[in-house]
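K.L.:
Sharing a structure, written as structure tokens. Questions coming.
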Amino acid sequence: MSSEKSADDARQVWDVVVVGAGPAGASAAYAAAVAGRSVLVLEKAELPRYKTCGGGIIGPSRDALPPGFELPLRDRVHAVTFTLDGKFSRTRRSRKTLFGLINRPEFDQQLVEYAQKAGAEVRTGVTVARVEQHGPAVPDRRTVAVVLQGGETVLARAVVGADGSASRIGAHVGVKLDQVDLGLEAEIPVPATVAEDWAGRVLIDWGPMPGSYGWVFPKGDTLTVGVISKRGEGAATKRYLEDFVARLGLAGFEPSISSGHLTRCRSDDSPLSRGRVLVCGDAAGLLEPWTREGISFALRSGRLAGEWAVRIAEAGDAVDARRQALNYAFAVKAGLGVEMGVGRRMLTLFERRPGLLHTAITTFRPAWNAFAKITRGSTTLAELVRTHPMAGRVLSRLDR
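Take the sequence shown: its position 325, counting from 1, is numbered 325 in UniProt numbering, and each next residue is one higher.
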């Protein structure tokens, strides 16, 4: 009986196989399943699982969620305290919510459940070894073989790689990266008196190394405290986190989790597809280069990847599949790519003049208003530069 079932499984060709069940993968699976296609999600971890991530949900993330999705918010942010390497503290407040804070295990699990409700199947605890688009494992030119560790092969008409920043599917596609950063984070349980002091307020510290910054995100009885800086400065980044925690008066509390994570940004000419295989989210190196915000990029690129994977699955030949993959790349570059370009320019400015940025955002009302609008999702960094001549002029001057 079991051998008969595995023979059936081997013959089954899924319309779309998604590798990875994070926000990008779950969004891709949801988009493809809602279109009525057969979708299989392969995830190497057991869910829910912890991810090193601040867990800030800004406007663009909220707007990219499936209809009716209720965010499992731990807090709503109405105030931001900015410091410059621990000095010149200034708190700015907003009557409206700026952004929400979630715990990633809950959030990711809920997204996967939405994809399942839409009809996607999910297999956890399976590791993808490689994908093959030619050779004996591939029955025809319309099919991709997804080979699992242990040798099992899953067949698909289209594959979406959403397997994170050290992506095997990204390696198959040939993703090129030009910015790698190290994020370190601690989840610190605190007593109620300390938690009250942080409720509704986050802290952003512009750090001591070029391009580095730290954050405190409150989530009920736990504070998520982290720092990020260029890779290659591991010892300095670790020291920054230790100093940051001590300065905040949190050194006496034992973290429940301490973790590290590399974030990777794609280079401008990096491919987003190869044959019938697309990449999205961290696997494609899609994130905002200045803040390294990745959730909104994962959700938005994931949804696009799911929609275009459906078209690739329907493509009758390699030429049509290629055309659909190019359309996917165009959609990503026209939206997220433009935002990344402005983010790169902001990072360069921030690396050179963190004090200027701190002064602008804490004392110049239009700069604070712009920050608030971006986090709420009523505008983007790219839109702001395009529609506000002054912002464009300032950036151009600093570029020179």
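Built from N, CA and C at the ideal position, the CB exists for glycine as well. All of these numbers come straight from a predicted model, not from anything done at the bench.
#1: With a 10 Å radius around its C-beta and 16 neighbouring C-beta atoms as the bar for buried, classify Met-390 as buried or exposed.
#2: Leaving out the 5 sequence neighbours to the left and right, which residues in its chain are closer than 8 Å to Lys-5 when beta-carbon positions are compared?
#3: Is Ala-370 buried or exposed, if buried means 16 or more other CB atoms sit within 10 Å of its CB?
#4: I think Ile-188 touches Tyr-50, with their Cβ atoms under 8 Å apart; what is that distance to the nearest whole Å?
#5: From the DSSP secondary-structure annotation, give me the bridge partner or partners of Arg-266.
#6: Return the CA-CA distance between Ser-270 and Pro-208, expressed in angstroms with no decimal places.
#7: Starting from residue 444, follow the beta strand (DSSP E) in both directions and report where the run begins and ends.
#8: For Arg-322 and Ala-309, I'd like the C-alpha separation in whole angstroms.
#9: So Gly-100 is in the beta strand (DSSP E); what residue range does that whole segment cover?
#10: So, does the region 286-299 touch the region 244-256, judging by three or more C-beta pairs under 8 Å?
#11: Which of the three DSSP states is assigned to Ile-312 in this structure?
#12: Going by the beta-carbon positions, is the gap between Val-154 and Trp-14 smaller than 8 Å?
#13: Rounded to the nearest angstrom, what separates His-78 and Asp-197 at their Cα positions?
#14: If we count the other Cβ atoms within 10 Å of its Cβ and call it buried at 16 or more, is Gly-316 buried or exposed?
#15: Considering Ser-378, what are the terminal residues of the alpha helix (DSSP H) in which it resides?
#16: How would you label Thr-387, buried or exposed, when you count the other beta carbons within 10 angstroms and need 16 or more for buried?
#17: What are the partner residues of His-261, as DSSP defines its beta bridges?
#18: Buried or exposed for Lys-44, going by 16 or more other Cβ atoms inside 10 Å?
#19: Answer yes if the region 46-64 comes into contact with the region 356-372, meaning at least three C-beta pairs across the two stretches below 8 Å, and no otherwise.
#20: I need the boundaries of the beta strand (DSSP E) containing Leu-73, first residue and last residue.
#21: Looking at Ala-236 and Val-112, is the spacing between their C-beta atoms short of 8 Å?
#22: Suppose you measure from the CA of Gly-211 to the CA of Arg-352; what does that come to, to the nearest Å?
#23: Using DSSP with H/G/I as helix, E/B as strand and the rest coil, what is Trp-198?
#24: Could you work out which residue in Gly-306, Glu-233, Asp-221 and Phe-82 is closest to Gly-214 when comparing CA atoms only?
#25: Starting from Gly-226 and walking both ways along the beta strand (DSSP E), at which residues does that stretch end?
P.N.:
Walking through what the data contain:
#1: exposed
#2: Its pLDDT being 39, under 50, Lys-5 is placed unreliably by the model, and the measurement read from it follows with that caveat. Hits under 8 Å: none found.
#3: buried
#4: Contact between Ile-188 and Tyr-50 fails: their C-beta atoms lie close to 14 Å from each other, not under 8 Å.
#5: Leu-177
#6: When only Cα atoms are considered, Ser-270 and Pro-208 end up about 31 Å apart.
#7: It is not possible to answer for residue 444, since the shown part of the chain is limited to 1 through 400.
#8: 11 Å
#9: 99-102
#10: no
#11: The DSSP-derived three-state label of Ile-312 is helix.
#12: The beta carbons of Val-154 and Trp-14 sit closer together than 8 Å.
#13: 13 Å
#14: exposed
#15: No alpha helix (DSSP H) contains Ser-378, which DSSP labels as neither H nor E.
#16: exposed
#17: Gly-183
#18: Sixteen is the threshold: when 16 or more other Cβ atoms of the shown chains lie within 10 Å of the Cβ of Lys-44, as they do, the residue is buried.
#19: no
#20: First-last of the beta strand (DSSP E) with Leu-73: 73-77.
#21: no
#22: 8 Å
#23: helix
#24: If you compare the alpha carbons of Gly-306, Glu-233, Asp-221 and Phe-82 with that of Gly-214, the shortest gap goes to Phe-82.
#25: 222-230
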